[in-house]
Amino acid sequence: MATSIRHPEILWAQRSDKIYLTVELPDAINAQVKLQPDGRFTFTASSKDAKYEADFQLFGRVKVDVSNIDEGRRHTFCVIQKEESGWWDRLLKEGKAPPFVKADWNRWIDEDEEEEAGKPAEFNMSSAMDRYPDLDETEDSDDDDDEVPDMQKAEV
1 MATSIRHPEI
11 LWAQRSDKIY
21 LTVELPDAIN
31 AQVKLQPDGR
41 FTFTASSKDA
51 KYEADFQLFG
61 RVKVDVSNID
71 EGRRHTFCVI
81 QKEESGWWDR
91 LLKEGKAPPF
101 VKADWNRWID
111 EDEEEEAGKP
121 AEFNMSSAMD
131 RYPDLDETED
141 SDDDDDEVPD
151 MQKAEV
């Protein structure tokens, strides 16, 4: 029986300086990623019943030597550094992405939100406490005038 060639699902997101690609393929055997400076991306792997391939030209040039590829059991995760910083209009040079390439909404950040996403969250305790009434100024604020009974020794 001939082994069929399939395309793995690939999720993508970008920042001004990098592209995130996640190749979703659980239990891939002999997964290989090849990345060329001109933006050529190639993925090959197999599973029990099929061979998987993806081969496409990214929108721009990339820095292969500083890009990272992490092969795991459930997916292969790639952080691809762009040669020139800036937002790409799309992922692929030739236009519309094939149906097996989809946006990674878990990593997606819009261009105008990138600067905020890189900053640590600011937390201001005084503004957080403004949501609550002043706990010191209750209607029974005359408690200072009350007499406190003397303490008694407990009998055992």
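Sequence positions in the sequence shown follow full-length UniProt numbering and run 1 to 156. Note that CB positions come from ideal geometry on N, CA and C, so glycine has one too.
DSSP state of residue i mapped onto helix, strand, coil
i: E111; result: helix
i: E155; result: coil
i: N106; result: coil
i: K18; result: strand
i: V101; result: strand
i: R90; result: coil
i: E24; result: strand
i: V148; result: coil
i: E84; result: coil
Residues near residue i in its chain [Cβ-Cβ closer than 6 Å; skip 5 each side]
i: residue 240; result: What is shown of the chain runs 1 to 156, which leaves residue 240 out entirely.
i: R74; result: P26
Beta-bridge pairing of residue i - partner residues as DSSP gives them
i: N68; result: V79
i: S4; result: A50
i: L58; result: L92
i: R40; result: Q57
Neighbourhood of residue i by C-beta distance below 8 Å, restricted to the same chain and skipping five residues each side
i: E114; result: R15, S16
Contacting residues, own chain, Cβ-Cβ under 7 Å from residue i (five flanking each side not counted)
i: W88; result: Q14, F59, G60
Distance CB(residue i)-CB(residue j) smaller than 7 Å
i: T22; j: F100; result: no
i: D104; j: L11; result: yes
i: F56; j: L92; result: yes
i: S46; j: I29; result: yes
i: K102; j: E83; result: no
i: E71; j: A31; result: yes
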